[in-house]
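Enquirer: Residue numbers (the working numbering): 21 to 313.
Where is the CB? At the ideal position from N, CA and C, for every residue including glycine.
Note that the coordinates shown come from a computational prediction; the quantities given were computed from them, not determined experimentally.
Can you keep this structure in mind? I'll have questions shortly.
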């Protein structure tokens with residue numbers, strides 16, 4: 021079906037869990053040290069070889085577009101002050117081939133992906149959730165793209181997670197191994213609590229899909245459900261053509277969760293050249309204090 025060139029990044033969630041911070045600011049723009057969450061995701065897509073990106077946003081999310089646009093006035097100011105290092109940082113957020121479309125109301129991930137049908141056309145594509153970051157090593161998106169080149173079939177990323185987290189995420193029941201960390205799947209479903217088994221995997225926010233997913237989404241959208249879920253469409257697609265699942269074993273931060281965002285700030289703060297040393301010192305002192313308590 022051809023090389024993967026396009027990526028969809030979802031950023032349409034209201035971010036209610038982060039109120040009041042997200043009342044006027046998209047949760048995807050919340051910082052990890054000095055970098056917005058969504059910039060990590062965009063940089064992963066670009067590092068993976070993606071040439072064109074569509075960000076699906078919600079209402080009041082023009083800040084995301086402004087962030088990835090050029091700020092000529094700021095560039096001029098930094099240039100006049102010979103702030104070359106800051107200019108280089110600023111250049112990372114100047115991404116030319118980003119497009120935007122608005123999902124008027126967050127009616128599920130499947131509904132968001134339907135908004136991208138015209139953008140995708142008849143090409144395979146990747147989906148990256150805008151609050152899921154994997155900042156270390158080979159980009160997960162690149163790994164999935166390489167697997168698609170080999171198998172020419174849709175692939176989803178998954179991880180082993182705790183039972184509590186499984187009950188609140190998309191779930192994968194795996195079938196037989198198809199390669200290293202690669203499995204065929206028997207069933208994919210969404211957040212069903214008591215039906216989750218200990219040997220199931222949780223879906224994480226990276227997918228390679230083919231255009232056939234849109235016909236499944238259209239069919240499901242005609243049913244009377246409060247939200248259109250991508251997992252339901254993937255499950256339906258898997259009944260007609262093989263969908264594979266890749267087990268990711270690297271570091272992941274769920275920045276759509278308060279604790280996950282806090283962990284990301286601490287752990288990546290320990291790697292940031294400006295904050296690593298003072299933060300490490302503070303954490304050592306805090307650890308001593310907590311032990312005394």
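According to DSSP, residue 119 sits in a beta bridge with which residue or residues?
Expert: Looking at the DSSP assignment, residue 119 forms a beta bridge with 74.
Enquirer: With respect to the alpha helix (DSSP H) encompassing residue 64, which residues constitute its N-terminal and C-terminal limits?
Expert: Unbroken alpha helix (DSSP H) run through residue 64: 57-67.
Enquirer: With a cut-off of 8 Å, do at least 3 Cβ pairs link the stretch 135-147 to the stretch 35-46?
Expert: No, the stretch 135-147 is not in contact with the stretch 35-46.
Enquirer: Which residues bound the alpha helix (DSSP H) around residue 258?
Expert: Per DSSP, residue 258 belongs to the alpha helix (DSSP H) from 250-258.
Enquirer: Determine, using beta carbons only, whether residue 226 and residue 167 come nearer to each other than 8 Å.
Expert: Not a contact, by the Cβ cut-off of 8 Å.
Enquirer: Could you give the first and the last residue of the continuous beta strand (DSSP E) run that contains residue 195?
Expert: 190-199 is the span of the beta strand (DSSP E), which, as asked, contains residue 195.
Enquirer: Using three-state DSSP, classify residue 88 as helix, strand or coil.
Expert: Residue 88 falls in the coil class under three-state DSSP.
Enquirer: Out of 245, 236, 31, point me to the one whose CA is closest to residue 261's CA.
Expert: It is 236 whose Cα lies nearest to the Cα of residue 261.
Enquirer: Hey, out of 304, 276, 300, whose CA is closest to residue 42's CA?
Expert: Measuring from the Cα of residue 42, the nearest candidate turns out to be 276.
Enquirer: Might you give, ordered along the chain, the residues of its own chain that have their beta carbon closer than 6 Å to the beta carbon of residue 76, omitting 5 neighbours on each side?
Expert: Excluding sequence neighbours, residue 76 sits near 30, 32, 121, 123, 132, 135.
Enquirer: Hey, would you say residue 154 sits closer than 8 Å to residue 222, going by beta carbons?
Expert: No; because the gap between Cβ atoms is not below 8 Å, this pair is not in contact.
Enquirer: Please work out which residues of its chain come closer than 8 Å, Cβ to Cβ, to residue 141, disregarding the five sequence neighbours upstream and downstream, and give them in chain order.
Expert: Contacts found: 231.
Enquirer: Given that a residue counts as buried once 16 or more other Cβ atoms are within 10 Å of its Cβ, and exposed if not, what is residue 189?
Expert: The residue is buried, with at least 16 neighbouring Cβ atoms inside 10 Å.
Enquirer: Considering residue 272, what are the terminal residues of the alpha helix (DSSP H) in which it resides?
Expert: Premise fails: residue 272 is in no alpha helix (DSSP H) and is neither H nor E.
Enquirer: Expressed to the nearest angstrom, what Euclidean distance is found between the alpha-carbon atoms of residue 248 and residue 94?
Expert: Between residue 248 and residue 94, the C-alpha separation is close to 41 Å.
Enquirer: Checking 8 Å against the spacing of the C-beta atoms, do residue 233 and residue 253 come in under that value?
Expert: Yes; because the gap between Cβ atoms is below 8 Å, this pair is in contact.
Enquirer: Taking the Cβ atom as the reference point for each residue, do residue 174 and residue 64 lie within a distance shorter than 8 Å?
Expert: No.
Enquirer: Kindly indicate which residue of 203, 303, 290 has the alpha-carbon position closest to the one of residue 258.
Expert: It is 203 whose Cα lies nearest to the Cα of residue 258.
Enquirer: Report the CB separation of residue 23 from residue 70 in whole angstroms; it is logged as a contact under 8 Å.
Expert: With 8 Å as the limit, residue 23 and residue 70 do not qualify as a contact, their Cβ atoms being about 11 Å apart.
Enquirer: Candidates 28, 90, 177: which alpha carbon is nearest residue 270's?
Expert: Minimum Cα distance to residue 270 is reached at 177.
Enquirer: Grab the span of the alpha helix (DSSP H) containing residue 287 for me, first residue to last.
Expert: Residue 287 -> alpha helix (DSSP H) spans 278-289.
Enquirer: What number of angstroms, rounded off, separates the C-alpha of residue 181 from the C-alpha of residue 152?
Expert: Going by the C-alpha atoms only, they are around 15 Å apart.
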